[in-house]
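Input: a single structure, listed below in structure tokens.
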Amino acid sequence: MKFSHSLQFNSVPDWQDYYIAYSNLKKIIYQLEKAATQNGTEPDLESRSLIGDTGRAMNVFTPALDKELSKITAFYTKIEAELYGELHLLIAELEQTERTLFPESSSHVARTTLLSPAPSDPHRVSVIKEQNSKQRQSVVSMSWEDGAPSSAESSSKVEEERSPIFRIWTDKYPEKAQKFRVRIVNLFVQFSELKGFIDLNMTGFRKILKKFDKITDNNLKDTYIGTIVKESYPFHSITKRKISHAIEQLQSMYAAICCNGDMDKAEVELRSHLREHIVWERNTVWRDMMSMERKVEAAGVRQEAVQQVISGRKRRGSVLGVAVPSPGISVNLWAILACLIVFIALINIRLFDTPEQQNCFALLTFVSLLWATEVIPLFVTALIVPMMVVFLRVLRSDDGQFTRLTAQQATQRIFASMFSPVIMLLLGGFSIAAALSKYNIAKMMATWVLSKAGTKPSTVLLANMMVATVASMWISNVAAPVLCFSLIQPILRTLPANSPFARCLIMGIALASNIGGMASPISSPQNIIAIDNMDPHPSWAQWFFITIPICLIGDVAVWGLLLWNYKPPSNTPVNFIRANREPFTRSQIFIIAVTVLTIILWCVESQLADIVGDMGIIAIIPLIVFFGTGLLTKEDFNNFLWTVIILAMGGIALGKAVESSGLLHTIASHIRIIVDGLSPWKILVVFCSLVLVIATFISHTVGALIILPIVASVGNSLPDPRPRLLVMGAALMCSGAMGLPVSGFPNMNAIMLENETGVRYLNTKDFLKNGVPGSCLVMLIVITLGYGLMLLMGY
């Protein structure tokens, strides 16, 4: 792996701006090489420098190195001061606690437990080392004068067996021990990250100087590393020893409080926490979201094959050493054949008066079956739609004559309808989500909110649910649960085994993310589909007026349900989440300003319709600004959820075909007869119930693609037309269907979460016990509060 990639994947995400700018320095080297070549300096085979003027190269490159070194030194000094301050405070509080608990043996405590540095010497530390073979402890004291270690070093041996104070800590005061345990683990992780910060930057300096020397035929590496880098404060041997002793100090405290003095056990446990931390901290939200979305999408295709391989039912042979699947027809192929048989049968069984309606009904059924069973990827099914629309010639003219369009005419019509303004709105939403995620803005804001929640389980649960809902508004309900699950890892890893609060917290985030899917027009694809079926399109202000109260009350209702079902103990030890202390950078402020401006324009779009035409035009603003300024790159553009975009385009094409063929009017007429005489509220209840059942078992987006065009047509045909009310109510229920693990991405993500032993936190029973009643609660809110709000908006 290239070092630039290694630096990206091994750096602390919140510190990325303060690592050595390896890629930029490499570009400087290549620019110098290019400039020399353009000036006529020909590269010799291996004996001459690739850059003729080595003095100029040194004058350009060395200041860039000095700038990076100064940046690293300033940041390191700041973080080190903060961490040592927390360490000294922790030791002082530990001392005070022990003196309070054991006043009769305070002198004994001072000899056998880890003490705070003396006030007169803030750099004095004590380290307890366990010798397991003889159950002894050795206390090694080392002091620094002005940051340098003194030559005086003393040690004392304690011959007694395991200290009774350690047993008292673990047996008599578990809550107090847990409080210190959480703080020790956090400090251990942070000091370990700081140590890794030094090592990674030192490797960066070595590699970039090696590259510079190779291209310029210089010998700058040895001189610069030896006389400048190693003499700077972060890379000095004294600094490294200070960090190592601080880590040993934390291990000793952990052993004393949590492991009855067993240093080996303490080291193993602390390093396991560090590994868990690295797993979630080193992955950016956007990359995780992309990876997990692809896994979920592929799960329906590969799950059966994987199960067959695991159970041994699928045997493989080999030809010339190459594995070959054994003959046979897979379950997916059988399902595809069944769908084709249904399609061919519907083509030939005369159910409608015109061939356009007959063919379109066969197409609608065929595509719905493929989407529902997911025997092929959803976006591939979406690509089938425009092809079949043309082949079956289901489109008719709009001139009132309803003549059947030719293949050429149908091709132009269907492709023109697929790239609609709502697709551009989806792209604009993706660009905002990518910027908020890439520059850690969403995470910084989320941690700031969670830092105010304290450690009370019920409050922490509600805070996390609100964060998940708000995050779903802006970075979609696909990325939001990934972000929130990464934020709660410090809480999960410090909870006792089989803690009900762990399941409660994970379930709360999943359900809140589903509820957040209805919060804004870009929260989820079903909202985009709903907007496309509403004429005129609702403004963002109108959408927020309806959905924000529903989401807030929905979160509170589900929060109460979770507390009722899990009843987490009030004394559950909950790790405190620290807010990001770094100030916002200029890039982050700029991204926030552009995002807020775009949202404001979306909210007042109806007043600007004569200028901007549609919300899709406004959505181009963040695309141009973020990519034009270089804040987002072509790699970020390639990482957009193009499968979702293709799925939405296929759904729009299918809706156009159903409408143009006349099938939609026919189906709506039959449904209108069934609901004839019912009030709009009762019709809303019927459709919401239908959507709730369907979207529980299939994708929310697929449910919206199939149902919302029919709902809109029925709403238009009512004596008192209410198409926008019915469409929006049904769209909201698509997000509110969350009764099973397969009901939406947040649920799929939640059930995949495992603890450190590889055991899943949740099972299907958790979703049946919480997701099903939670869905019913959300439906009750939609058909009561939501119905009233939609009437107020004139829907």
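Heads up: the sequence shown runs through residues 1 to 795, numbered per UniProt numbering.
Every residue gets a Cβ at the ideal spot worked out from N, C-alpha and C, and that includes glycine.
Could you tell me which residues DSSP puts in a beta bridge with residue i?
i	result
Arg404	Arg396
Glu754	Arg760
Please state if the CB of residue j and the CB of residue i are separated by a distance shorter than 8 Å.
i	j	result
Ala648	Leu426	yes
Leu483	Ala471	yes
residue 804	Ala21	Given a span of 1 to 795 for the chain in the structure shown, any question on residue 804 remains unanswerable.
Ile710	Ile667	yes
Met473	Ser520	yes
Ser513	Asn565	no
Val390	Ala407	yes
Leu561	Asn770	yes
Ala468	Pro457	no
Leu663	Gln357	yes
Ala502	Tyr761	yes
Thr598	Ile617	no
Val772	Gly739	yes
Leu631	Ile591	yes
Phe61	Phe180	no
Glu582	Asp14	yes
Ile707	Ser368	no
Cys504	Leu461	yes
Gly204	Phe3	yes
Met728	Ile528	no
Buried or exposed for residue i, please, with buried defined as at least 16 other CB atoms from any protein chain shown within 10 angstroms of its CB.
i	result
Val12	buried
Gly786	buried
Pro741	buried
Thr784	exposed
Lys345	It is Ala, not Lys, that sits at residue 345 in the sequence shown. So Ala345 ends up on the exposed side.
Glu46	Interpretation of Glu46 is limited by its pLDDT of 38, a score under 50 that renders its predicted location unreliable; no figure is taken from the coordinates.
Val702	buried
Thr227	exposed
Glu80	buried
Met387	exposed
Val189	buried
Leu340	exposed
Gln178	buried
Phe191	buried
residue 818	The requested residue 818 is not part of the displayed model; the chain covers only 1 to 795.
Val229	buried
CA-CA distance, residue i and residue j?
i	j	result
Phe430	Ile645	10 Å
Ala695	Leu768	15 Å
Leu789	Ser660	32 Å
Ile168	Asp264	Per-residue confidence for Ile168 stands at a pLDDT of 45, beneath the threshold of 50, marking its modelled position as unreliable; no derived number is given.
Ile336	Val385	16 Å
Pro421	Asp399	24 Å
Leu511	Lys567	17 Å
Glu26	Asn440	Rather than Glu, the amino acid found at residue 26 in this sequence is Lys. Distance between the alpha carbons of Lys26 and Asn440: 25 Å.
Phe166	Leu69	Bear in mind that a pLDDT of 38 at Phe166, under 50, signals an unreliable position, so the model cannot answer this.
Leu436	Thr595	9 Å
Gln251	Gly196	17 Å
Ala712	Leu753	38 Å
Ser735	Ser775	9 Å
Val558	Asn716	34 Å
Leu65	Ile208	9 Å
Phe640	Lys438	13 Å
Ser486	Ile751	14 Å
Phe402	Ile347	21 Å
Ala433	Asn186	29 Å
Leu792	Ile72	57 Å
residue 830	Ser699	Given that the chain is displayed from residue 1 to residue 795, the structure contains no residue 830 and the question cannot be resolved.
Ala338	Ser417	30 Å
His537	Met733	19 Å
Val285	Ala479	Caution is warranted here: a pLDDT of 45 is assigned to Val285, below 50, making its placement in the model unreliable, and the coordinate value is therefore given only provisionally. Rounded to whole angstroms, Val285 to Ala479 spans 7 Å at the Cα level.
Three Cβ pairs or more, each shorter than 8 Å: is that satisfied between the segment 773-781 and the segment 686-695? yes
Do the segment 667-677 and the segment 540-560 touch if we need at least three Cβ pairs shorter than 8 Å? Here the segment 667-677 makes no contact with the segment 540-560; the two share fewer than three CB pairs at distances below 8 Å.
Count the CB pairs spanning the segment 612-619 and the segment 446-456 that are closer than 8 Å, and state whether there are at least three. no
Taking 8 Å as the cut-off, does the segment 626-636 touch the segment 360-369 (at least 3 CB pairs, one atom from each stretch)? no
How do the segment 718-727 and the segment 529-538 stand: do at least 3 beta-carbon pairs fall below 8 Å, yes or no? yes
When you compare the segment 94-101 with the segment 211-222, are there three or more beta-carbon pairs, one atom per stretch, that lie closer than 8 Å? no
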